[in-house]
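Note sheet for the following structure.
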Ligand code: HEM
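Residue numbers (my numbering), protein chains in the order written: chain A, 45 to 298; chain B, 55 to 263.
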């Protein structure tokens with residue numbers, strides 16, 4: 045009845061207060077659904093809330109599968125003229141803008157692990173030497189707002205091929221310097237517009253947009269685009285993600 | 055005076071499929087609207103928010119889970135209803151003929167405090183309201199698909215004015231449906247003898263004779 049979801053306890057210690065409040069709010073709501081929900085659940089007792097939760101999770105998993113089927117690997121996201129770029133481009137993270145981390149470019153190394161042949165870490169200089177392209181695309185946030193931006197970097201497919209990643213694996217996962225983590229399906233990782241990004245609006249990626257490097261995917265919602273990437277791994281085990289583990293849909297494709 | 059005769063006592067005035075779809079739709083629409091309000095609140099399009107206590111889901115992720123679960127119920131049920139309505143002749147029989155003149159005439163009646171109602175026969179205002187809400191439902195689903203998949207379904211999204219346009223279409227279609235529901239429920243309260251047949255399908259015998 046009053047069982048705490050197993051995942052939350054260890055997570056709580058490592059989270060900023062704002063986030064803990066969010067999680068507490070969620071725990072509270074798990075046990076006392078809002079008025080609207082109660083109205084809909086009239087006739088059910090409170091323990092049914094857990095059953096409802098299970099159905100909703102199952103439906104979210106089902107929606108992952110449907111979205112994977114809907115995903116067309118060669119369908120490009122619309123692109124826009126540079127005049128459409130949002131200024132200022134909104135900041136968003138699981139913490140406030142004043143808590144953005146500063147990364148020392150000299151000491152930075154990108155780690156690789158999992159089903160990757162060449163796991164040698166990459167310095168920024170080496171990364172910057174890779175062939176780069178730009179895109180002006182729409183970033184769509186799960187909250188509903190959207191903003192057009194310009195991102196420059198190496199096509200992720202090129203990078204994955206270069207390091208000898210197993211392209212038949214299911215997932216690519218990301219661990220980030222700010223404690224964030226997420227993962228994506230291989231089909232999206234290989235999409236022509238999926239980009240390991242070093243620049244925003246023709247300038248070195250600022251700290252608030254993910255210095256030194258983020259993954260830009262116009263085919264997924266904003267929170268699926270990890271910033272401050274520290275490690276990339278390829279795996280067949282479902283890696284989940286920071287928001288995904290709390291209930292946001294994992295595939296979250298656009 | 056009404057030229058249309060009332061249905062004979064105990065005749066089926068609402069087909070079973072229509073009744074089942076109608077009440078499933080009430081559940082689906084309620085979930086969609088209440089969770090949709092929570093999603094709206096995460097990034098309001100207009101300078102107001104829906105009171106969080108009136109919403110469903112508890113927080114954004116919960117609301118999205120409800121919304122993307124109930125959309126399957128809404129669409130499957132809506133498709134069943136519309137396909138039945140078109141191919142069984144239910145729409146042709148119940149919603150037509152319909153003329154602007156008849157709608158205006160009925161509206162004038164309403165302004166004079168008169169509602170024509172024969173059980174089993176929709177008046178012209180009802181017919182037009184039902185047709186409009188069905189179209190609004192279709193607009194809701196199409197704009198919803200455009201917001202959900204602005205890349206994969208970008209041709210559809212383009213018809214809605216792109217991602218941002220589709221958000222507005224979705225909002226106003228919701229507002230239209232909610233407006234319809236408010237009026238619809240008030241009308242049922244004004245003519246309460248219409249309610250039971252929407253469950254049983256039959257017109258009750260007059261005056262319990
Ligand atoms: C608690 C809420 C509701 C109640 C009590 C209710 C009640 C009714 C009743 C009594 C009728 C038959 C009217 C008559 O015989 O004159 C009816 C028909 C109808 N209602 Fe509702 N309704 C509700 C919610 C909704 C919602 C949410 C929608 C759609 C968004 C809706 C759409 C319709 C339609 C389209 C018809 C005509 C059905 C047909 O003949 O094909 N209703 N409703």
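For each residue, glycine too, the CB sits at the ideal point set by N, CA and C.
Would you check if the segment 162-178 of chain A and the segment 238-253 of chain A touch, i.e. whether three or more CB-CB distances between them fall below 8 angstroms?
yes
Which whole runs of the alpha helix (DSSP H) in the segment 78-151 of chain A are 4 residues long or more, in chain order?
Counting whole runs of 4 or more residues, the segment 78-151 of chain A contains the alpha helix (DSSP H) stretches 79-84 and 92-114.
Go through its chain and collect everything with a Cβ distance to residue 219(A)'s Cβ below 6 angstroms, but skip five positions before and after it.
Cβ within range, chain order: 225, 274 and 275.
C-beta neighbour in chain B for residue 115(A), strict 9 angstroms:
yes
Going by the C-beta, is residue 148(B) closer than 8 angstroms to any heavy atom of ligand 1?
Taking 8 angstroms as the cut-off, the C-beta of residue 148(B) counts as close to a heavy atom of ligand 1.
Any beta carbon from chain A within less than 9 angstroms of residue 221(B)'s own beta carbon?
True, the Cβ-Cβ gap to chain A drops below 9 angstroms.
Any beta carbon of chain C sitting closer than 9 angstroms to that of residue 126(B)?
No chain C appears in the structure shown, which is made up of the protein chains A and B.
For residue 173(B) and residue 69(B), what's the separation of their Cα atoms in angstroms?
13 angstroms
Have a look at residue 112(B) and residue 119(B) and give me their C-alpha separation to the nearest angstrom.
11 angstroms
Which whole-angstrom value describes the C-beta separation of residue 132(B) and residue 228(B), a residue pair presumed to lie in contact below a C-beta threshold of 8 angstroms?
Actually they do not touch by this definition, with Cβ atoms about 15 angstroms apart.
Hey, is residue 141(B) close to ligand 1, as in C-beta under 8 angstroms from one of its heavy atoms?
no
Using a Cβ cut-off of 9 angstroms (strictly closer), state whether residue 197(B) contacts chain A.
no
Would you mind stating whether residue 144(B) and residue 223(B) have Cβ atoms separated by less than 9 angstroms?
no
Examine chain A for any beta-carbon lying closer than 9 angstroms to the beta-carbon of residue 116(B), and answer yes or no.
yes
CA nearest to the CA of residue 148(A), picked from 250(A), 268(A), 263(A) and 266(A):
250(A)
Residue 262(A): buried (16+ other C-beta within 10 angstroms of its C-beta) or exposed?
buried
Return yes when the C-beta of residue 144(B) is under 8 angstroms from any heavy atom of ligand 2, and no when it is not.
Within the structure as shown, ligand 2 is missing, the only ligands being ligand 1.
For residue 58(B), count neighbouring C-beta atoms within 10 Å of its own C-beta (all shown protein chains included) and say buried if the count is 16 or more, exposed if not.
Per-residue confidence for residue 58(B) stands at a pLDDT of 49, beneath the threshold of 50, marking its modelled position as unreliable; the derived number appears in the next sentence. Answer is exposed; the Cβ neighbour count stays below 16.
Taking 9 angstroms as the CB-CB cut-off, is residue 205(B) touching chain A?
yes
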